[in-house]
């Protein structure tokens, strides 16, 4: 059973805890209690092994394509967390014997995992165990573990096998060639392995230190090796109340490490340096290393971008910290060649690939909270232009057609082409997303715009941003199809955000976003022609500009229907059959509709998997197109009501958008409900949802729901709006956003809003239709009525 | 706890049983209770999973080299034996709840594995389980399983997940590219995978059939898929005393199947045909398929070459059946391109590679019991000439230098070049066997001679045998090194059978066997020049013959020392330090000497790993060189006493040879003790010895100890000798051997021997120094004294 919080004292609302062990529900705590630092992600598997465990260690950017018929993915690196423990010869396992006072918890404040309990072996010996673990935020290569054991009653013979195990696979797929293993100074185990296609060297080091009753001991240790494994076997006799501490410090380095890219790389040097690093850590030990790690989290994370909520529900504060915790753990701030996968570094799901999830659901947090990190993520996409250009060319288009799934920037499209077999017909199902889910290119252009608009970072624009927007605009211009009957450009045969519908024509989201992409390119081109003629020349935009204008003018943009202001999701959606969706709207598991209808039937029903047209409203609202009459307040409300009723939220990307939209249109209770559902995707009581990894996009969505939704922050066309609409049970919300490089501290209640511009540069913003300027600090009383009204 | 026998009634002495379950000792029953038919070997893992299990299915000949830095090995094929069973939601596992009346047993008569017990779940529901399984001896591709469940007390909700799992690896090494999966007719699961280097297609099919109280039921079944997996999920409600039967029939076919080699191979056709085959099996069901399988074992195995012992120790009869059982299960009688690995098809150990184990320890059984199978094994070596010639050439020699480890015949040498790292120095240890353990070539020449001598199979000789002997002789002639000081040819820098000694000069075994090989080639050449001049011409032996003669005459052959008749094992052995070996001679585990001495120190001690010089005596005794005064009866005794005292039997290849030699020289009690130790290598109480697989050579050694040792059968230079020396506690021994194509039935007690030539052709043989001729049947009284004396 997962509990939201068990906080006491200073750690109140910082703890995510599991108070009962179940060998049938290991995936939950493994994923939601993940430890990570952007360089690596380590699932919080238990030290002692269980059949259903998924031990994963992923190192960002180390993609490998194991076989010609596989797609590239993050390989599961060698494991150091497993300890094989025996008590008087009996295997230690919580499935055996009796366990009391069990608690496994992630302390998000310190980013430390602990697990403690009393365990009585089948033979009746009782021991007290406490395990601690962290992945250092200060030393990116370090995994530190500590085990404390005390025998409560008897003399006990304890044996521990611990080392490095490189027999790990990705569900049976082995990515590594076996390399050398060594044991230096009789203690420091080193294991090398190399990915079989991308030829990335991994160097793993590990060392143990044992203390008995505070004194270092040199236990009887056998060294042993097997294929792809090396380990130590310790035998220790414990008398009652002896206190044994086993510390295990491990490092992992790879030849992709960016600190190595300068200079000439040599495996021998990496081996020597990484071993030297571990020897340094060994001198310090767990506790001292932890103190440095803890301070790094305090300083770089909680001191920098905490969000504080006063709510009647403690889970709300916890969920926002959960969001910030995971957003931090997943962010590869150390390397602009790396992105964030759909499951971040927390599971094999989606193979470590980046989707539009990053730009639309995760990046906004970084743009507003850590612009440097946001720039790194966008630079990853800039490096991806090579792959995007290749994809465009392969498909007969111009410019940059971004891959639906992206791995190493130059890989291009890495979406698997074939999915599971239709188990009835025996035919393999084709995965169409890599071919026709094309809105990703416009989504990235939107992200560039959003970044530029909020940060004002000209340097990035000149180095990367303009090129990304021009190249995606070129793609769209070449992609549009002339429809002679309608005398319009159409975009046929696509998948929109609603993946229930394949091979549709004129998906409103896709068409409008393509239009935005073209208009954005023209806007930037105008800017260059006025301010940077040398860049205008460099890009050679003359012909393209004319092309964009002609295409944009004649591109078909689905309009709100006269009768009810509903924008058709695509050419046929509004003509499809309607069924009673109540059963599926109330589902506790996703995809229940598939129990009654197959994919083909669903294609013919007015049912939507996830925010599609509504997402368009949400995005356009942040652009210079927001004044367009198509996206009027009335249309927004009409479309929300129409599509929310037809949306099953069968994607983790959906709920947060609907929460924000519900908040925007004043549906406060629904907004809060959708927010809580967003939190529950990973933190909720369903023990199976996170088995394949956490949902990076919905974790970004938790933060977005609060800041864009309840706080009503919206940034468009150089203008800042803040229209708070706190949920009824929230008394106060405090957080910081960066606007044009300056942190703004916001502190809002139902009654008033306090805004502070730390750097003291004046900022203009709009609240409740009134424009204010904050110089250093400003308090604005909020008309309760107004705080509920729409923008 | 493994018991030798628990036989009752007609299955007395046919059962190998385990009467208590231990999750810490799974490897024992998995390996010693292996099911196999020469085409495949299936470890007898338990249906429900355990952490320490090793699920293995090996298909003979399907070698694959997964990565450039690996050696080729038999890949672990997809698994069908695992069933994930839940009782009222609780995982079924013998580690949980309570188990009563447990017994797991291999019925060797019917080659069927069964397992039964009553299990009470942690929640207190008691069920009776019975599992049965066989690998068909009639349908080589078929694995049949049956599970019977009865709820003894309560209503129970049973769920079973079962299918095909291709996530299997060889200790982390994945050999397969993922292929297609299909489910035909909603029931027949098909999974295809292909080895990543050798490009061998594997087609797995599986189907389930359920019966409740005798009636076929169509249970609620979900079909599910994951990466490299496909399975069915059954949910069944059992009332008290409902009797559920789940039958699971599976097939495996590969593109290496010899029945496919004719005609054009197509994967689609193999898929269709294999599915058709399974549909046929499905119509028959487990019981009918079992009956056909049982009869095949009765007819082809027990009716053909049973060995019957009347002994005070029931285990002796059981051990001989154990030997015949495994020799049958490992023999790839269906394909002469395939050999027998050191662990046969029972584990990952030695990677499925063939060593001299086959020719010296396994082949004799087949030559005397199933000459057709023996010919197939030798033909495998004949096909291996290509690889052996390549190895000779690579090493600068002529003729055929057989690989120390052989996989697919044309692969050549496949011994790993690098072994585990010396964990202290960090250096990788080089495995020298592939370079300098060269006696294998002479061992194979010996095997050809033994086969020819016993079977008189001229056709094989003309097609294969002569060429193998000539080519190996050419190798030796080119390999000898002229020593100018001694005016002799030497063989320096080798490893003999005693692998404790590396890089030695003039290993007596190697030199004498090389000499035998040269002399054998000359003998066959003489024969051809007289009887088959056309073959003499074809082989063009003129120059080689002269070379062989010159080399053989001047090859240094270590002589018995004048003072004690001991032949020096190599140039330095007799000068090495002597230590008290009592501690290691009495070891219960192998390699205990390594706890006190390292490899370099052992190299300097008069200690021998395994039969070396004594093996030479045993082999020469079966050749035309046996009259050589070096191998006198006195020398044999002297060398036995000298080397037996210094041999630690740290190889499973050692004990049987010493048992035979002890029997030969009249050391009856020691002979019997060594025989029992030979049996215990796999059948004994040490639960860890067989984890990596059974020991194919020592299993051949069990039979050899009885027939060559206790029955005193020896066949040399066209002459048959039979000098029985039954152990004191054996009253009677009956068995059949083939001599020149005719079966001879032998039935011996301490008092007399009955010999019957079934085909009625007269056979001359020698017993106790007297020559007899048996026409149809003959009874010879044995002087008890004589039966104890030596030849």
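Chains as they are written, first to last, in the UniProt record's numbering: chain A, 1 to 791; chain B, 1 to 791. Note that the Cβ used here is the ideal one computed from N, Cα and C, for glycine as well.
Which first and last residues belong to the alpha helix (DSSP H) in which residue i is found?
i	result
residue 371 (chain A)	371–383
residue 283 (chain A)	267–297
residue 84 (chain A)	Run containing residue 84 (chain A): none in the alpha helix (DSSP H); it sits in the beta strand (DSSP E), 83–87.
residue 500 (chain A)	No alpha helix (DSSP H) holds residue 500 (chain A); DSSP gives it neither H nor E.
residue 103 (chain A)	Residue 103 (chain A) -> not in any alpha helix (DSSP H); beta strand (DSSP E) instead, spanning 98–107.
Would residue i and residue j qualify as a contact pair, given that the criterion is a beta-carbon distance under 8 Å?
i	j	result
residue 340 (chain A)	residue 328 (chain A)	no
residue 615 (chain A)	residue 509 (chain A)	yes
residue 472 (chain B)	residue 407 (chain B)	no
Shortest alpha-carbon distance to residue i belongs to which of the options?
i	options	result
residue 301 (chain B)	B:670, B:735, B:54, B:683	B:735
residue 320 (chain A)	A:700, A:728, A:770	A:700
residue 632 (chain A)	A:564, A:694, A:697, A:98	A:564
residue 704 (chain B)	B:178, B:723, B:362, B:127	B:362
residue 611 (chain B)	B:623, B:641, B:627	B:641
residue 216 (chain A)	A:312, A:245, A:538	A:245
residue 269 (chain B)	B:282, B:637, B:255	B:255
State the DSSP-derived secondary structure class of residue i, mapped to helix, strand or coil.
i	result
residue 617 (chain B)	helix
residue 486 (chain A)	coil
residue 630 (chain A)	helix
residue 250 (chain B)	strand
residue 168 (chain A)	coil
residue 454 (chain B)	helix
residue 479 (chain B)	helix
residue 62 (chain A)	coil
residue 743 (chain A)	strand
residue 38 (chain B)	coil
residue 145 (chain B)	strand
residue 434 (chain B)	helix
Using a Cβ-Cβ distance cut-off of 8 Å, determine whether residue i contacts chain A.
i	result
residue 329 (chain B)	no
residue 225 (chain B)	yes
residue 779 (chain B)	no
residue 147 (chain B)	no
residue 28 (chain B)	no
residue 142 (chain B)	no
Within the 8 Å Cβ cut-off, does residue i reach chain B?
i	result
residue 31 (chain A)	no
residue 57 (chain A)	no
residue 420 (chain A)	yes
residue 428 (chain A)	yes
residue 172 (chain A)	yes
residue 166 (chain A)	yes
residue 19 (chain A)	no
Beta strand (DSSP E) containing residue i: first to last residue?
i	result
residue 322 (chain B)	Unbroken run through residue 322 (chain B) is the alpha helix (DSSP H), 314–330; no beta strand (DSSP E).
residue 230 (chain B)	229–238
residue 722 (chain A)	719–722
residue 493 (chain A)	Per DSSP, residue 493 (chain A) belongs to no beta strand (DSSP E) and is neither H nor E.
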